[in-house]
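Numbering (the working numbering), first residue to last: 6 to 219.
Glycine included, C-beta positions come from ideal geometry on N, C-alpha and C.
Below you can see the structure in the form of structure tokens.
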């Protein structure tokens, strides 16, 4: 059994796609240790569960896609396709009999067919919305993905010398960092320029510059 979750709404740092493979008989073990959707857990709780999940899992994979790579890929394909490609890569790597997928689009059947065409193997795919809430195995993958991304974010903070918070658009510190990076022309490779939020900040910056020029 494989499952996926990807924290994708951030404007700073990488996208992480995670797959966890377990025996179906071990799903109850995930419930007993307190596995649930990563959004319902604190960072400390996720870190505590991380090694416990790895101990129960037969195998797991976490693929990281940098902000710069995302921007390059978004020039020729949309985010759902990027996610599907990474999911298919994990399906082929782990080779499980069945994969539960947290589908990123409303048309789950369409997304399932895209995955089947990309993976081209024997794996049965079940694609559902909010699968990370419904199934403990998908919740486990969401925890793996979130912990891996949080660790990457902490590394980035040290690298750039700025505490930009969680890296999401709702975080004022994250927006402050994006504005500063755009102004100074530094650390731009860590920002997702293809995101609407960043594009909006760029437009405001350009409008301000035009007014100053006039």
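For residue j and residue i, the rounded distance between their alpha carbons
i           : j           : result
residue 94  : residue 136 : 19 Å
residue 216 : residue 207 : Confidence in residue 216 is poor, its pLDDT being 45 and thus under 50, which makes the residue's placement unreliable; the coordinate value appears in the next sentence. Going by the C-alpha atoms only, they are around 14 Å apart.
residue 197 : residue 153 : 18 Å
residue 31  : residue 38  : 11 Å
residue 41  : residue 85  : 24 Å
residue 54  : residue 134 : 24 Å
residue 188 : residue 112 : 40 Å
residue 180 : residue 114 : 36 Å
residue 28  : residue 43  : 21 Å
residue 22  : residue 110 : 15 Å
residue 204 : residue 45  : 30 Å
Chain-order list of residues whose beta-carbon lies under 7 Å from that of residue i (same chain, five-residue window excluded)
i           : result
residue 97  : 124 and 126
residue 199 : 75, 76 and 79
residue 184 : 206
Within 8 Å, strictly: CB atoms of residue i and residue j
i           : j           : result
residue 7   : residue 145 : no
residue 148 : residue 36  : no
residue 15  : residue 190 : no
residue 157 : residue 24  : no
Cutoff 6 Å; reference residue i; Cβ partners in own chain excluding five residues on either side
i           : result
residue 192 : 165 and 186
residue 174 : 16 and 202
residue 182 : 167 and 169
residue 141 : 32, 35, 36 and 40
residue 87  : 78
Rounded distance between the beta-carbons of residue j and residue i, thought under 8 Å
i           : j           : result
residue 108 : residue 132 : 4 Å
residue 105 : residue 138 : Not a contact, Cβ separation roughly 12 Å.
residue 68  : residue 91  : 5 Å
residue 73  : residue 194 : 5 Å
residue 155 : residue 48  : 6 Å
Cut-off 8 Å between Cβ atoms - residues of its own chain near residue i, not counting five sequence neighbours on either side
i           : result
residue 89  : 116, 119, 120 and 123
residue 26  : 6, 7, 62, 63, 64, 65, 99 and 101
residue 178 : 168, 169 and 170
residue 176 : 169 and 170
Using a Cβ distance threshold of 8 Å, determine whether the region 163 to 183 contacts the region 62 to 69, with at least three qualifying pairs required. Flag = no, the region 163 to 183 and the region 62 to 69 do not touch.
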